[in-house]
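Everything on this sheet refers to the single structure shown next.
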Amino acid sequence: MIHVAVCGTGRASMELIRAIKENEDFEAVAAFCRPGSLKAGKDIGALAGVGDTDVEYVELTDAGVIFAHTKIDVAIDFSTPETSKCLLNACFKHGIPCVICTTGFTDEEIEFLIRQTRAKKAGVVYAPNVTIGVNVLISLLKAVAKTLPQFDYQITEIHHSRKLDRPSGTAKRIADTLEDALKQDGSVPINSVRAGGYVGIHEVTAAGDYERLTLTHESFSRRAFADGALVAAKYVINRIGWYYMEDVLNIDLILTKSQASNLKSRMEK
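Here the working numbering is used: position 24 in the sequence shown is 136, and no number is missing along the way.
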């Protein structure tokens, strides 16, 4: 049984609590909210609609006390950058690995967190989009960009109207991947749309003079985020270092082995 501390009170966190309740490999044993939150002291199961769990939200300022007196194997965070940084400090102090699914960090903040994680010899999975499908998309884009370096690339991301950060963390990760594969100095343009109740769409267009290739990933349920977070949580336990979902899923190695297998098969014919 993997004992989980949940951080965050939004819709993704509620979906995570429901996913943990339905998964016999996991148990939510602690939950944190920001200081002053109206959800402090309320049962997480009741808030998530799965019945009382005897686990109540605690203000994050008390995380150290909870970590010191509760067996916790991993923390999963769907909150805000400021809250995430406070949670990580507590995790570093008590040797608890963490999965950060929060978006909105600046590049400088990410660089600082990477340095801190390595200095503290901690284990962190940073997954601004923790869904399995979008991380497969990111790995595929490496091959696309290297094969079609002469094409022009555009990214469009669409999220619900209440999402504050733009562009999304996933869109920035996609852009970084493309720019690295293309070895170009300029930035790949990102178009951000905030409207209605979209959970999340990321579309990448590669356009040449006479043809176009479009790859799209859509999350239509937050359960995709919750399930991905649990996969990452299993991975990071007993590991040291800063990881991405590509590391968790080992996609690049799978694609490389598949290509090698296909080549060997053709040569043997």
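The beta carbon of each residue, even a glycine, is placed where N, CA and C say it ideally should be. Computed from a prediction, not measured in an experiment: that's the story for all the values here.
For the alpha helix (DSSP H) containing D219, name the first residue and the last one.
219 to 231 is the span of the alpha helix (DSSP H), which, as asked, contains D219.
Please tell me whether I156 and V116 are closer than 8 Å, where the distance is taken between their beta carbons.
Not closer than 8 Å, so no.
Identify, in the order they occur along the chain, each residue of the same chain with its Cβ nearer than 8 Å to the Cβ of G308, setting aside the five sequence neighbours on each side.
Cβ within range, chain order: H272, S273.
Report yes if the CB atom of E127 is closer than 8 Å to the CB atom of F263, and no otherwise.
The answer is no: Cβ separation not under 8 Å.
Could you tell me which residues DSSP puts in a beta bridge with D155?
DSSP, once it has assigned bridges, lists E168 as partnering D155.
When we look at the beta-carbon of N241 and count the other beta-carbons within 10 Å, is it buried (16 or more) or exposed?
N241 comes out buried.
Sufficient close CB pairs (3 or more, under 8 Å) joining the region 192 to 207 to the region 281 to 297:
In short, these stretches do not touch, since the Cβ pair count stays below three.
Hey, how far is the Cα of T317 from the Cα of V141?
Cα-Cα distance, rounded: 43 Å.
F179 by DSSP, collapsed to three states: which one?
Correct three-state label for F179: helix.
Kindly list the residues whose CB is nearer than 6 Å to the CB of I352, restricted to its own chain and excluding five residues on each side of it in sequence; keep chain order.
So the qualifying residues of the chain are K233, G235.
Among L172, Y238, G148, H314, the one whose alpha carbon lies nearest that of V348
For the residues L172, Y238, G148, H314, the minimum Cα distance to V348 belongs to Y238.
Is the CB-CB distance between P209 and V186 below 8 Å?
The answer is yes: Cβ separation under 8 Å.
List the DSSP bridge partners of G312.
Beta-bridge annotation (DSSP): G312 is paired with S331.
So is T394 buried or exposed if we call it buried at 16+ other beta carbons inside 10 Å?
This structure leaves residue 394 out entirely; the chain is present only between 113 and 381.
Between which two residues does the beta strand (DSSP E) carrying V141 extend?
Per DSSP, V141 belongs to the beta strand (DSSP E) from 138 to 145.
For E223, which of L361, D359, Y355 has the nearest alpha-carbon?
Out of L361, D359, Y355, Y355 has the C-alpha closest to the C-alpha of E223.
L225 and L249 - do their beta-carbons sit closer together than 8 Å?
Taking 8 Å as the Cβ cut-off, L249 and L225 do not qualify as a contacting pair.
What would DSSP say about E291, mapped onto helix, strand or coil?
When DSSP states are grouped into helix, strand and coil, E291 belongs to the helix group.
Nearest-angstrom Cα distance between Y83 and G298?
The displayed coordinates of the chain run from 113 to 381. Any statement about residue 83 would go beyond what the structure contains.
Between the C-alpha atoms of K133 and E139, what's the straight-line distance to the nearest angstrom?
Taking C-alpha positions only, K133 is separated from E139 by approximately 7 Å.
Using only alpha-carbon positions, find the residue among T192, L342, L325 that is nearest to P147.
Nearest to P147 by C-alpha distance, out of T192, L342, L325, is T192.
Distance between G312 and P279 (C-alpha atoms, nearest Å)
In this structure, the straight-line span from the alpha carbon of P279 to that of G312 is close to 12 Å.
From the DSSP secondary-structure annotation, give me the bridge partner or partners of C210.
Under DSSP, the beta-bridge partners assigned to C210 are A187, V236.
What is the residue span of the beta strand (DSSP E) that S125 lies within?
Taken as a continuous stretch (DSSP letters only), S125 belongs to no beta strand (DSSP E), being part of the alpha helix (DSSP H) at 123 to 134.
Comparing alpha-carbon positions, which option in K284, D359, G320 lies nearest F217?
If we check each option's Cα against that of F217, K284 comes out closest.
On the three-state DSSP scale, how would you describe N247?
N247: helix per DSSP, three-state reduction.
For S304, the three-state DSSP class (helix, strand or coil)
In the three-state reduction of the DSSP assignment, S304 falls in the strand class, which pools E and B.
Around the C-beta of L342, are 16 or more other C-beta atoms found within 10 angstroms, so that it is buried, or is it exposed?
Buried, since its Cβ has 16 or more Cβ neighbours within 10 Å.
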